[in-house]
Every structure is written in structure tokens, then in C-alpha cells.
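To convert, take the position in the sequence shown, counting from 1, and add 9; that gives my numbering. The C-beta atom is built at its ideal place from N, Cα and C for all residues, glycine as well. The structure appears right after this line, and notes come after that.
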Amino acid sequence: MKGGNMTPAEIKEYRYLNRLSQTTLAELIGVSRQTVSNWERNLRKPNGHGTYMLNKLKETK
């Protein structure tokens with residue numbers, strides 16, 4: 010990822026590499042499991058809060 014939104018594949022890969030379920034990732038960043046699912050299926054893109062939290066999590070791993 011280059012300073013912008015994570016792609017659907019990057020979100021899914023992040024979860025896989027960190028052994029996180031969609032539910033756990035959703036709880037960590039304060040969104041619903043359905044939101045994470047929508048991001049991974051490219052139905053929606055992370056917004057300001059979602060992008061910020063995904064970036065913060067990625068920085069800490």
C-alpha cells in the first residue's frame with residue numbers, strides 16, 4: 010500500500026497474515042463485519058475513519 014486506501018486484496022491479505030477473522034478486524038477498527046466484507050469484495054471502499062484505522066493497524070504489525 011502506498012499511503013492511500015488498501016485494495017480489497019491487501020485488506021484480505023492483511024487479515025490472513027495476521028490470522029484475523031473479518032469479525033475481529035471489524036472490532037479492532039470499529040466497523041461492522043459486513044463493512045469489512047464489503048471492502049474485501051470491492052463493494053465499498055474504506056472511508057476516512059476506516060482508512061485511518063487500517064493504516065494505523067498496518068503500522069503496528
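- In the three-state reduction of the DSSP assignment, K21 falls in the helix class, which pools H, G and I.
- Cβ-Cβ distances below 6 Å link E49 to P17, I20, K21 in the same chain, with the five nearest sequence neighbours on each side left out; the list follows chain order.
- The beta carbon of V40 lies closer than 7 Å to those of G59 in the same chain, with the five residues before and after it left out.
- If you draw a straight line from the Cα of N47 to the Cα of K67, it comes to about 19 Å.
- Judged by DSSP in its simplified three-state form, S46 adopts helix.
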